[in-house]
Amino acid sequence: MQSTVVTVSDMDRKTSRTNHETQDTEATTPLNHVPDGVTLGTDVPCWYYFTRPILAILIGGVLFGLGTALSLLYFTQVGNVPYLLGPVFLSVGLMFLVTGLVWVPVVKQRLEHKALTKVNGKALQVHEQH
1 MQSTVVTVSD
11 MDRKTSRTNH
21 ETQDTEATTP
31 LNHVPDGVTL
41 GTDVPCWYYF
51 TRPILAILIG
61 GVLFGLGTAL
71 SLLYFTQVGN
81 VPYLLGPVFL
91 SVGLMFLVTG
101 LVWVPVVKQR
111 LEHKALTKVN
121 GKALQVHEQH
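When we follow the numbering used here, the leftmost residue of the sequence shown carries the number 1, and every step to the right adds one.
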């Protein structure tokens, strides 16, 4: 995320547009909210980008394990478990697990692309050779 600086002209606020001595002012409030402790640019730690995929993997693993346990309890008739409770937890857990596992390489590729296209804060132009 990059912060955006908005330039507001004083001439827009005045009714007479004949005064040419007005200067542009810059607003210092960013348009996008940045969480506390996170700096923009290259100072963001790598783990910050991987927190949501890892959280999805953990939630998916817990739900998948819970669904497996509930399904085993139902099919062995040990406990009084409703019929669809196990398969529902299995499917939702598997969905979270697969989403998180696919999300990790996507974030890794995005970070590699960002590192390759920036050198000393200047964007490189990537030319394809045919």
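Think of the CB as a built atom: it goes at the ideal place given N, C-alpha and C, for glycine as much as any other residue.
In the same chain as residue 99, and ignoring 5 residues on each side of it, the C-beta atoms closer than 6 Å to its own belong to 56, in chain order. Taking a cut-off of 8 Å on C-beta distances, the stretch 79-90 touches the stretch 63-71, as three or more cross pairs fall below it. CA-to-CA, the gap between residue 117 and residue 110 works out to about 11 Å. Nearest to residue 63 by C-alpha distance, out of 52, 96, 113, 78, is 96.
Of the other Cβ atoms in all chains shown, 16 or more fall within 10 Å of the Cβ of residue 53; this residue is therefore buried. Every alpha helix (DSSP H) of 4 residues or more that sits fully in the stretch 36-106 is shown, in chain order, as 46-76.
The beta-carbon distance between residue 49 and residue 106, rounded to whole angstroms, is 10 Å. This is too long to meet the 8 Å contact definition. In chain order, 52, 53, 56 place their CB closer than 8 Å to the CB of residue 103, counting only its own chain and leaving out the 5 sequence neighbours on each side.
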